[in-house]
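J.: Quick one: the structure is below, and I'll ask about it shortly.
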Amino acid sequence: MDPSHRLQSTALRYFLEVVRCGSISEAALRVNVSGSAVSRQIAGLEEALGLALFERRPRGMTLSPAGELLAEHARKSGADAERIVASMQALQGLGSGQVRIASSEGFALQFLPTLIDAFLDKHRGVSVQLSVAAPAEVTQRVRQAACDIGVVFSYSRVGYTDVKVAHRQPAPGMAVMRSTHPLAPLKQITLAQLQGHPMALPGTDTTLRQLFDIACIKQRVSVDTVFTSNYVGALLRFVRLRDAVTLASEISVRGLLAEEGLSAVPIRDRTFSGRDIEVQMRPERTHPEPVRVFRDFLISHMAAPCSAAPPVAVAKRRTRKG
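Under this note's numbering, the letters of the sequence shown match residues 1 to 322, in that order.
The structure is reproduced here in structure tokens:
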């Protein structure tokens, strides 16, 4: 059992599992107890509080207003318990712990897996969990303490509730294409130069596409969109197969360009360059030592040049062979 679970009541832990799963039967499977045991704990909470915590519906259970308040408390309580246990283990020099990261897809394509691999080489007692979600959901997970660190692209600097931006840096968009593409040798390109070239674009729910569309409207530029996908891997695969151009941030394709035969050229446009990378955390005064160490490791590698990541991997492969 996770040591932090001993600092939380069984009723609250079962309650949160029902919140996550949306049903008592699924929650029971997750915590490895009978459905009746979970039901008794939920009923006990509702009796003690004198309020219904869930609204029972044909397709599952949804939180009542009172349940929403309790869920927020339970999440914070669970995060506090994990932080206390991690701090106690650090005092004992155990060098263990867990780091939970949530990010949008662009970071999970290559950057974060490579970074996590290098981090775990230095901190072998730590485990890392990575979840991929839309930017708004990543921020929500940070807010609800469902993850320790959120990494997202954002073009709005509006303040968040219960979220601290631990690091922010510009994330200008790039045009990505085969290295043999006519635009590949250029040092930078304009939106107008993309006209006449087939485009493979991310979905309209992404910040990169939204900024691109706004910039094209401002510049009165019309592009030939032949392929659209909400999956970055599919876009990159498509441009490798034919002479199309897609969009990405430098950090999303860092370390991928040379091995995939791709080139990335900066797009010269102020509107399209208005996107940032944000490292988000809850604003607690202290975080578990593994989380703080990973945060600093992550931020130190954020602004690294494209050539920074591959030497780490190459050096490690040589060490393992030798």
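Virtual Cβ for every residue (Gly too), placed ideally from N, Cα, C.
#1: Alpha carbon to alpha carbon, how far is R100 from R124?
#2: For a test of the three-state rule: what should DSSP assign to D276, helix, strand or coil?
#3: Which stretch, first to last residue, makes up the alpha helix (DSSP H) that contains K323?
#4: Of the residues P182, P283, I299 and H181, which one's Cα is nearest the Cα of T139?
#5: If the criterion is Cβ atoms closer than 7 angstroms, does the pair I24 and V31 meet it?
#6: Cα separation between A200 and F238?
#7: Please report the distance separating the alpha-carbon of G274 from that of L247.
#8: Say whether the stretch 100-120 touches the stretch 184-193, bearing in mind that this needs 3 or more beta-carbon pairs closer than 8 angstroms, one atom from each stretch.
#9: How far does the alpha helix (DSSP H) with L262 in it extend, from its first residue to its last?
#10: Enumerate in chain order the residues of its own chain whose CB-to-CB distance from F107 is below 6 angstroms, with the five nearest sequence positions on each side excluded.
#11: For I189, which beta-bridge partners are listed by DSSP?
#12: Would you list the one or two residues that DSSP bridges to S222?
#13: Quick check on the DSSP output: the beta strand (DSSP E) that includes S154 runs from which residue to which?
#14: Check whether the Cβ atoms of E278 and R209 lie closer than 7 angstroms to each other.
#15: Express the C-alpha separation of G78 and V38 in angstroms, rounding to a whole number.
#16: Give the C-beta separation of R270 and I189 to the nearest angstrom, bearing in mind that I take them to be a contact with Cβ-Cβ under 8 angstroms.
#17: If we ignore side chains and look at the alpha-carbon of each, how far apart do V265 and I217 end up?
#18: Can you say whether E47 is buried or exposed, counting buried as having 16 or more other CB atoms within 10 angstroms of its CB?
T.: So, to answer that:
#1: Reading the sequence shown from its first residue, position 100 is the one you call residue 100. Reading the sequence shown from its first residue, position 124 is the one you call residue 124. The straight-line gap from Cα to Cα measures roughly 16 angstroms.
#2: Taking the sequence shown and counting its residues from 1, one reaches residue 276 at position 276. Note: D276 maps to strand in three-state DSSP.
#3: Because residue 323 is not part of the residues shown, which for the chain are 1 to 322, the question remains open.
#4: Start at 1 with the first residue of the sequence shown, and residue 139 comes out as number 139. Looking at the Cα atoms, P283 is the closest of the given residues.
#5: Counting from 1 along the sequence shown, the entry for residue 24 is found at position 24. Counting from 1 along the sequence shown, the entry for residue 31 is found at position 31. Result no, Cβ atoms of I24 and V31 do not sit closer than 7 angstroms.
#6: To locate residue 200, count along the sequence shown from 1; it is residue 200. To locate residue 238, count along the sequence shown from 1; it is residue 238. Roughly 8 angstroms separates the two Cα atoms.
#7: Residue numbering aside, residue 274 sits at position 274 when the sequence shown is read from its first letter. Residue numbering aside, residue 247 sits at position 247 when the sequence shown is read from its first letter. Rounded to whole angstroms, G274 to L247 spans 14 angstroms at the Cα level.
#8: no
#9: Taking the first residue of the sequence shown as 1, we reach residue 262 at position 262. Counting along the chain, L262 falls outside any alpha helix (DSSP H), though it belongs to the beta strand (DSSP E) covering L262 to P266.
#10: The sequence position of residue 107 within the sequence shown is 107, counting from 1. Counting only Cβ-Cβ distances below 6 angstroms, and skipping sequence neighbours, we find V151.
#11: Here residue 189 corresponds to residue number 189 of the sequence shown, with the count starting at 1. DSSP, once it has assigned bridges, lists I267 as partnering I189.
#12: By 1-based counting over the sequence shown, the position of residue 222 is 222. Answer by DSSP bridge pairing: none, since S222 is not bridged.
#13: Counted from its first residue, the sequence shown places residue 154 at position 154. Taken as a continuous stretch (DSSP letters only), the beta strand (DSSP E) holding S154 covers I149 to S154.
#14: As a first step, residue 278 must be located in the sequence shown, where it is residue number 278. As a first step, residue 209 must be located in the sequence shown, where it is residue number 209. Not in contact: E278 and R209 (Cβ atoms no closer than 7 angstroms).
#15: On the sequence shown, residue 38 is found 38 positions in, with the first residue counted as 1. On the sequence shown, residue 78 is found 78 positions in, with the first residue counted as 1. Rounded to the nearest angstrom, the gap between the Cα atoms of V38 and G78 is 18 angstroms.
#16: For the purposes of this step, residue 270 is identified with residue 270 of the sequence shown, where counting begins at 1. For the purposes of this step, residue 189 is identified with residue 189 of the sequence shown, where counting begins at 1. Between the beta-carbon of R270 and that of I189 there is about 14 angstroms, and that puts the pair past the 8 angstroms contact cut.
#17: Counted from its first residue, the sequence shown places residue 265 at position 265. Counted from its first residue, the sequence shown places residue 217 at position 217. If you take the alpha carbons of V265 and I217, they lie about 21 angstroms apart.
#18: On the sequence shown, position 47 is the one that residue 47 refers to. Exposed, by the Cβ-count rule.
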